[in-house]
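Take a look at the structure set out below.
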Amino acid sequence: MKNRSYYKIPHTLGKKSICRKSKEIYLKTGKRPTRAEIFVCSRQRVDGSFVNEEAQELSEKLAHTRTQDTGNTSRYGTNDEFSQVFGA
1 MKNRSYYKIP HTLGKKSICR KSKEIYLKTG KRPTRAEIFV CSRQRVDGSF VNEEAQELSE
61 KLAHTRTQDT GNTSRYGTND EFSQVFGA
């Protein structure tokens with residue numbers, strides 16, 4: 001498939017949607033997962049390795065941003081960890 005070749009950081013969910021994975025995490029933990037948590041779990045394989053180096057680097061940045069939280073970041077929304085790392 002030609003379009004898939006444009007993905008730089010593919011997910012490992014297969015046919016499962018991000019929404020379904022989010023609900024699974026919610027049912028397992030009892031709390032709503034953040035976009036950063038969903039990014040990390042959807043780019044990790046079952047054995048814990050990442051799909052590529054870029055995914056691993058971005059996951060480390062997200063973890064670093066989470067530990068550097070000064071209280072100005074919201075857990076959800078436009079000023080979350082995901083927005084700070086990806087700018088989206």
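If you're matching positions, the sequence shown starts at 1 in the UniProt record's numbering and goes up one per residue. Just so it is clear, CB atoms sit at the ideal spot from N, CA and C, and this is done for glycine as well.
Coil, strand or helix - residue i by DSSP
i, result
"Q68", "coil"
Distance between beta carbons of residue j and residue i, contact taken as under 8 Å
i, j, result
"E44", "T12", "The sequence given here places Gln at residue 44; Glu does not occur at that position. Right, the Cβ-Cβ distance comes to about 7 Å (below 8 Å), so this counts as a contact."
"S42", "I18", "7 Å"
"S51", "P10", "Strictly speaking, residue 51 in this sequence is Val, with Ser absent from that position. V51 to P10, Cβ: 6 Å. Contact."
"K21", "I38", "7 Å"
C-alpha gap between residue i and residue j, whole angstroms
i, j, result
"A36", "Q68", "14 Å"
"S59", "S83", "13 Å"
"P33", "A63", "14 Å"
"T78", "K23", "21 Å"
Contact check, residue i vs residue j, beta carbons under 8 Å
i, j, result
"T65", "E54", "no"
"V85", "K61", "yes"
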